[in-house]
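Inspection log for the structure reproduced underneath, given as structure tokens.
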Amino acid sequence: MSQRSRILRPSGAASRPAAEPTERERALATEMTKDNHYVPCPLCRAEFDLFAAVWCAHLDAEPSKICPACRLCLCDHPAYREPNFWKDAPPAFQQRGFQRLFLYYL
Ligand SMILES: [Zn+2]
Ligand SMILES: [Zn+2]
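Numbering of the sequence shown is given in our numbering, commencing with residue 1279 and proceeding in unit increments.
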């Protein structure tokens, strides 16, 4: 005889007053569709806009972005082949062609 204990759900928790989005929610929404993402280049430390940088032409592996300061991509970076240095790309990055996200690009 199996009697499963019922999961108590607080009723009415989802009933939020329908109001205008708060400043905070607006800011978060903007965050999702931001146009710039500045990261320091792991090679030369210059900060550059990741979204504006061009992809490199190394198609054998996952292409990386070319740093406008040192003109190098990250394909030769020691961590670039390490699976631990990758995570799933957030939606804002997927819109920019990133299937996965190299942690130095975060
Ligand atoms: Zn660089
Ligand atoms: Zn490359």
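Heads up, the beta-carbon is just placed ideally off N, CA and C, and yes, glycines get one too.
### Query
Given Y1358, which residues of its chain have a CB within under 6 Å of its CB, disregarding the five upstream and five downstream residues?
Exclusion of the five residues before and after Y1358 leaves L1352 as the residues of its chain whose Cβ lies within less than 6 Å of its Cβ.
#### Entry: Length of the line joining the Cα atoms of F1371 and C1322
Roughly 23 Å separates the two Cα atoms.
#### Entry: Any non-hydrogen atom of ligand 2 closer than 7 Å to H1315 Cβ
Placement of the Cβ of H1315 at a distance of 7 Å or more from every heavy atom of ligand 2 is found.
### Message
I'd like to know if P1341 contacts chain B, where contact means its C-beta is closer than 8 Å to some C-beta of that chain.
### Response
This model lacks chain B altogether; it includes just one protein chain.
### Task
With DSSP collapsed to three states, give me the class of F1376.
Reduced to three states, the DSSP call for F1376 is coil.
### Beta-carbon separation (whole angstroms), R1378 vs A1367, contact threshold 8 Å
About 6 Å separates the two Cβ atoms, so the contact holds.
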